[in-house]
Every structure is written in C-alpha cells, then in structure tokens.
Amino acid sequence: MNKIKQIVAVIRDRQDITKEELQLVLQTKDTDGIQYLYDMAKETAQTVYGNQVFIRGLIEFTNYCRNDCYYCGIRKSNTQAQRYRLTGEQILSCCKTGYELGFRTFVLQGGEDGFFTDEKLCSLISEIKKNYPDCAVTLSIGEREKESYQRFFDVGADRYLLRHETAQECHYKSLHPSAMSFEHRRQCLYNLKEIGYQVGCGFMVGSPGQTVETLYEDLRFIKELAPHMVGIGPFIPQKDTPFAGKAAGTMEQTLKLLSIIRLIHPHVLLPATTALGTIHPKGREKGILAGANVVMPNLSPVNVREKYKLYDNKICTGDEAAECRFCMQRRMESIGYQVVTDRGDYRP
Ligand code: SAH
114 MNKIKQIVAV IRDRQDITKE ELQLVLQTKD TDGIQYLYDM AKETAQTVYG
164 NQVFIRGLIE FTNYCRNDCY YCGIRKSNTQ AQRYRLTGEQ ILSCCKTGYE
214 LGFRTFVLQG GEDGFFTDEK LCSLISEIKK NYPDCAVTLS IGEREKESYQ
264 RFFDVGADRY LLRHETAQEC HYKSLHPSAM SFEHRRQCLY NLKEIGYQVG
314 CGFMVGSPGQ TVETLYEDLR FIKELAPHMV GIGPFIPQKD TPFAGKAAGT
364 MEQTLKLLSI IRLIHPHVLL PATTALGTIH PKGREKGILA GANVVMPNLS
414 PVNVREKYKL YDNKICTGDE AAECRFCMQR RMESIGYQVV TDRGDYRP
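Below, the structure is given as structure tokens:
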C-alpha cells in the first residue's frame with residue numbers, strides 16, 4: 114500500500130489526525146491516495162447514513178448586517194449591496210412551498226439584523242413549528258446572548274449553525290475587524306450546545322492567511338466541540354469587499370477536508386455547500402462522493418436571491434425553489450444517492 118493510503122487508513126482507525134498527517138494529505142498530488150481518502154470517507158458516511166442525502170431548505174431572510182467581516186459580501190460597509198428583509202408572511206410562504214417539495218428542515222439564515230428582535234424571531238419560529246410540527250427549524254443568524262438562544266430554543270428551534278470561521282485567534286483577527294471577538298464566537302457555540310441545540314460550526318477553505326497550522330487548529334476544535342454539523346466550503350472573493358483581489362479556495366482542498374472531517378468525526382452532518390457548487394459545476398456531487406451527506410437548496414424568493422451575495426458568481430440565483438429541488442434530486446441520483454423527505458437528524 115502506498116504511503117498516503119496508509120496514512121488515510123490510520124486516520125480512519127484512530128478517528129484523529131496529527132499535524133504531520135494533515136500536512137502530507139493536504140500537500141499530496143498522489144491521485145490514487147487522494148481517491149482512497151474520498152472512498153474511505155464515502156464508505157464511512159454510508160455506514161451511518163446509507164446512500165441517503167438529507168436536504169435543507171435555505172431561506173435567506175435578511176441581508177442587513179451589523180458586522181463587517183472582511184470576506185463577506187453582505188458586510189455593513191458594502192454600500193453596493195441592495196439590502197432587503199423578507200416579511201413573516203414571505204418566510205412562511207417559503208416554508209409552505211418547501212414543505213410541498215418535501216423539505217422537513219428549514220434553515221433561516223441572515224446577517225446580524227437588529228430589526229429581527231428576539232420577540233419577532235420567537236413568534237416566527239413558533240408559527241413555523243405550529244404549521245409544520247414535523248419539521249426542524251435551523252437558525253443561522255450569528256452571535257446573540259445566551260438568553261436569546263434559550264428563548265428561540267424554548268419556542269421550538271432545533272438546530273443552530275454558527276461557523277467558528279477559524280480556530281486560530283491571530284487568523285480570526287485578520288478576517289474580522291477588532292470589534293468582533295474570537296472568544297465570544299466560540300462561547301456562543303458552547304452556549305448553544307449546552308442549551309440543547311444540534312449545533313454546527315465550520316470554516317472557509319482557503320481563506321486569506323489560512324495555513325496547515327490553522328486547519329489543524331480547526332480540526333482540533335471540531336474534536337473538542339464535537340458538533341452535530343460542520344459546514345465548510347471554499348472561500349470565494351466578493352468584488353466589493355476588502356478581500357476582492359484574494360485567491361479563492363480550491364475544490365481539491367475542500368474535498369480533502371470534507372473527507373478528513375468525516376473520518377475523524379464519523380457521524381457528523383456534513384453539507385456539500387453551494388460555495389462548492391459555485392467553484393465547480395459538479396462540486397456538490399463530488400462533495401457527496403468525498404463523504405458529505407447533506408445539501409441545502411435555496412428556498413428564498415427568486416427576487417431576492419441576487420441580493421444575498423456573500424461571494425461572487427453564486428449559483429442558482431435565477432431558479433425557483435422547485436427547480437432547485439428537482440435539479441438536486443437528479444444530481445444526487447446521477448451518483449447513486451437518494452434525496453429523502455426526512456428531518457435528517459444527527460444519528461449518534
Ligand atoms: N450572519 C450569520 C450567517 C453568515 S453567512 C453568521 O454570522 O453566522 C454563512 C457563512 O458564509 C459564513 O459563516 C461564512 O463562513 C460564509 N461566507 C461568507 N463570505 C464568504 C465568502 N466570500 N466565500 C465563501 N463563504 C463565505
């Protein structure tokens with residue numbers, strides 16, 4: 114067996130990785146070894162989740178944001194962004210469409226928008242849970258006080274996605290203005306977990322300044338937090354941000370990291386992200402074949418899709434929810450996977 118294959122087998126058996134192993138796997142060009150990595154991760158995912166792919170309906174309900182992350186297209190200082198908010202009625206209508214299309218998880222994602230107070234969000238979450246008691250509600254609305262997270266949980270929110278973005282403090286400071294706190298973001302994740310949410314952390318692959326060291330810390334953090342979900346996708350520059358001229362992350366590094374995360378944390382819910390589908394036409398299929406088991410088609414109304422631009426060239430901005438849903442089904446079937454009508458909870 115060649116060297117990379119041996120390392121992959123060790124990572125799988127130990128469910129952990131050393132910095133040296135990470136470096137070797139990320140740097141190798143050995144196509145047999147890389148394919149073996151993907152195959153092992155895919156088999157691991159299949160032992161837990163079979164050939165089923167879970168779908169989540171993504172509702173991008175506001176692009177107002179008080180933060181100014183250097184990489185993000187909806188940062189506060191981007192005067193080119195056309196700001197919008199969906200009304201409660203519009204959000205519920207997205208859920209209705211989504212439910213009819215077989216979605217049993219709705220992900221409410223947005224910037225950190227003070228307009229959506231705890232009260233407004235609580236009544237929205239309650240309404241969704243009342244209309245669709247068999248569905249999970251996932252929130253992805255950034256950092257809030259623990260009390261707020263508790264209130265959302267008490268009215269029925271099930272899951273929370275909050276990418277940690279990077280587990281290395283100096284790197285965090287190079288991606289965010291000084292008003293944002295590395296410690297606070299991590300604390301939020303621990304708070305969410307303590308409350309009882311299924312939590313997701315994650316990071317961008319190839320963000321400016323990221324090194325093997327950074328990624329090693331990201332993997333250590335995943336082992337420590339033991340989240341239910343991990344969202345990773347390539348960094349893609351957005352033209353109206355300070356990182357406009359930076360290089361994008363690559364598909365190959367993203368696929369390798371998806372596989373490694375699957376091997377060291379086998380039960381995790383792992384999406385093949387829209388960003389991965391943006392840098393390569395078959396990115397999401399390749400993500401599933403490298404160990405991912407979740408996809409998140411867009412349920413946002415078509416007239417706002419163009420405006421929720423975290424990065425340039427985002428795919429599917431012109432497609433109706435139903436088109437995205439059936440396109441995804443075809444894509445998954447083309448690689449031997451089945452999109453299921455299921456909440457798609459974490460399987461311990
Ligand atoms: N406001 C919420 C949601 C953020 S958007 C929050 O703070 O969690 C969701 C994710 O998109 C971010 O966590 C970030 O990792 C990713 N993202 C932002 N800009 C990006 C870019 N230019 N390229 C790729 N991913 C990006």
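The sequence shown maps to residues 114 to 461 in the numbering used here. Quick reminder that beta carbons are idealized off the backbone N, C-alpha and C, glycines included.
Annotated three-state conformation of residue 253 is strand, per DSSP.
Assigned with DSSP and collapsed to three states, residue 390 falls in helix.
Excluding its 5 nearest sequence neighbours in each direction, residue 207 has C-beta neighbours in its own chain below 6 angstroms: 172 and 412, listed in chain order.
In the displayed model, residue 265 falls within a helix according to three-state DSSP. Annotated as proximal: residue 117 and residue 143, with beta-carbon spacing under 8 angstroms. Rounded to the nearest angstrom, the Cβ distance from residue 455 to residue 186 is 32 angstroms, too far for a contact under 8 angstroms.
Secondary structure at residue 119: helix, using DSSP grouped into helix, strand and coil. In the structure shown, residue 138 adopts helical secondary structure according to DSSP, grouped into three states.
Between residue 174 and residue 274, the alpha-carbon positions lie close to 15 angstroms from each other. Nearest Cα to residue 378 within the set 365, 147, 363 and 343: 343.
Between residue 435 and residue 131, the alpha-carbon positions lie close to 44 angstroms from each other.
Every unbroken stretch of the alpha helix (DSSP H) spanning 4 or more residues and falling wholly within the segment 348-416 is given here in chain order: 364-377, 387-392 and 396-402. Where residue 446 is concerned, the enclosing alpha helix (DSSP H) starts and stops at 434-447. Ranked by Cα distance from residue 191, the first of 202, 201, 198 and 179 is 179. With 16 or more other Cβ atoms from the protein chains shown falling within 10 Å of its own Cβ, residue 406 counts as buried. Cβ neighbours of residue 263 within its own chain (closer than 6 angstroms, five residues either side excluded): 308. With a cut-off of 8 angstroms on Cβ pairs, the segment 273-291 is not in contact with the segment 236-248, counting fewer than three such pairs.
In this structure, residue 325 keeps its C-beta atom at 8 angstroms or more from the C-beta atom of residue 128. The criterion of a C-beta distance shorter than 8 angstroms is not satisfied by residue 453 and residue 433. With a cutoff of 7 angstroms, residue 348 counts as near the ligand SAH, since its C-beta is closer than that to a heavy atom of the ligand. Taking a contact as a CB-CB distance under 8 angstroms, the pair residue 430 and residue 446 does not count as one, their CB atoms being some 24 angstroms apart.
Under the DSSP assignment, residue 211 falls in the alpha helix (DSSP H) whose first and last residues are 201-213. Judged by the Cβ position, residue 222 qualifies as a neighbour of the ligand SAH at the 7 angstroms threshold, a heavy atom of the ligand being closer than this.
Relative to the non-hydrogen atoms of the ligand SAH, the Cβ of residue 275 comes within a distance shorter than 7 angstroms of at least one. Annotation for residue 366: 139, 318 and 319 place their beta carbon closer than 7 angstroms to its own, counting only its chain and skipping 5 residues before and after. Placement of the Cβ of residue 342 at a distance of 7 angstroms or more from every heavy atom of the ligand SAH is found. Spanning the alpha carbons of residue 231 and residue 149 requires a straight line of approximately 47 angstroms. Secondary-structure assignment with DSSP links residue 343 through a beta bridge to 314. In the DSSP assignment, residue 197 is bridged to no other residue.
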